[in-house]
Structure formats: structure tokens, C-alpha cells
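Numbering (this note's numbering), first residue to last: 1165 to 1332.
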Amino acid sequence: MSGDGPAEGPAGLGDAARPGSGEFTATVIVNAPASKVFAAFLNWEKQSEWIPFTRVRVVEGDGGEGSVVEAVTTLGPAVIRDELRVVKVNAPYEVRVVHCGKVLRGPGSMRCTAMSGDRTQVVLHEWFHLPAGAVGKIAWPVLWPGSKLGFTGTLKKFGRLVEQGRLP
């Protein structure tokens, strides 16, 4: 990720802009043109329709570069607030963000690659900083498969909604 300098990273986000050791990738093929898939992904509030138990909203800006987006996931008594800054938008190919909240921290990207037949490959890649020091590093291999599985399923739901014309 390009930035303002090695210590601060993009937009003064400090260590949150540097990749963490908790890395995962999710991929899906969507039967729709890249421009439509990209527009659907950048419709931040509509992400609430395909990310389970999560409310997404733009809290600063217009949803483009420099904007701050908040995603609040509630499952029973547990609440996780994910704050992210949009650091790059290269429509209709890529959006880069930095998760900069207290718990979820690290860069992420979503890339759309046009394929033949008006299909699009979507690749989501995240590099989270693991909480709890050494304990987090030990727990990550156990938690990661569930995170990747859940994220891939969520991305598949996104693809279905785009294909059905329910997004953007």
C-alpha cells in the first residue's frame, strides 16, 4: 500500500496501515460485468444486506477515497465495531481500505477482474493485526479456517445478490 511515509502509512494511519500476520483471502466469480460488481461493493450501506449480523454506514465522506466507514457486528451480547478508512479507489478494479479501529486493524483490498462472458472474479484480501500477542498468534490457525469459510460464504451471497439485480 502506498502511503505518506513508512512510519505513518496512508492518511496518517500509523501501524494499522501495515499488514498484520492474520492474513486471509476469499474469491468468488460473479456473473455480472466488473463495473456493476464494483459499484455494488462500494455501496457501503447495502453491505448490511450480505454481511450477517452487521450494520454498515459511511460516517465521514461520500464513500470514496478518504471516507470513513463503520461496520458494527452484533451477535447476542457480543458487539464488534470495525472502523475503516477508504485509502484508494480505482474503479472498477480495486478499492483499498485500512481497518483502523481498536480491535480490527490492518489493510485490506477488494479487486475485480473482468472475465469473458461478462463475468467478474472478485478477490478480497485482508491482513489483520492479531490481538492478544502470542496468544493471538497461537489461536489464529484455529480461528482462521472459520473466518475464511465465513468470509467466502458472505462473498458468495454478495455475488448472488448482484446476479439477481438486487445490488447495487
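For each residue, glycine too, the CB sits at the ideal point set by N, CA and C.
Original post:
Counting pairs of beta carbons, one from the region 1274 to 1290 and one from the region 1229 to 1248, are three or more of them closer than 8 Å?
Top reply: Because the criterion of three Cβ pairs below 8 Å is not met, the region 1274 to 1290 and the region 1229 to 1248 do not touch.
Subject >> T1218 versus E1247 - alpha carbon distance >> reply: As a first step, residue 1218 is located in the sequence shown; it is residue number 54 there, counting from the start. As a first step, residue 1247 is located in the sequence shown; it is residue number 83 there, counting from the start. Rounded to the nearest angstrom, the two C-alpha atoms are 13 Å apart.
Original post:
For E1209, which residues from the same chain have a beta carbon less than 8 Å from its beta carbon, with the 5 sequence-adjacent residues on both sides left out?
Top reply: Residue 1209 sits at position 45 when you count from the first residue of the sequence shown. Cβ neighbours of E1209 beyond the five flanking positions: V1220, R1221 and V1222.
Original post:
What is the DSSP secondary structure of W1208, counted as helix, strand or coil?
Top reply: As a first step, residue 1208 must be located in the sequence shown, where it is residue number 44. Of the three classes helix, strand and coil, the one that applies to W1208 here is helix, per DSSP.
Original post:
What residue range is occupied by the uninterrupted beta strand (DSSP E) comprising K1266?
Top reply: Within the sequence shown, the letter at position 102 stands for residue 1266. For K1266, there is no enclosing beta strand (DSSP E), as DSSP gives it neither H nor E.
Subject >> Proximity to R1275 [Cα-Cα], best of L1319, L1268, R1249 and P1241 >> reply: Taking the sequence shown and counting its residues from 1, the one referred to as residue 1275 is at position 111. If you compare the alpha carbons of L1319, L1268, R1249 and P1241 with that of R1275, the shortest gap goes to L1319.
Original post:
Going by the CB atoms, is the gap between F1315 and A1198 shorter than 7 Å?
Top reply: On the sequence shown, residue 1198 is found 34 positions in, with the first residue counted as 1. On the sequence shown, residue 1315 is found 151 positions in, with the first residue counted as 1. Note that the C-beta distance between A1198 and F1315 is not below 7 Å.
**OP:** Measuring alpha carbon to alpha carbon, tell me which of R1249, V1192, P1271 and R1182 ends up nearest E1327.
**Re:** Here residue 1327 is taken as the residue at index 163 of the sequence shown, counted from 1. Taking only the C-alpha atoms, the option nearest E1327 is V1192.
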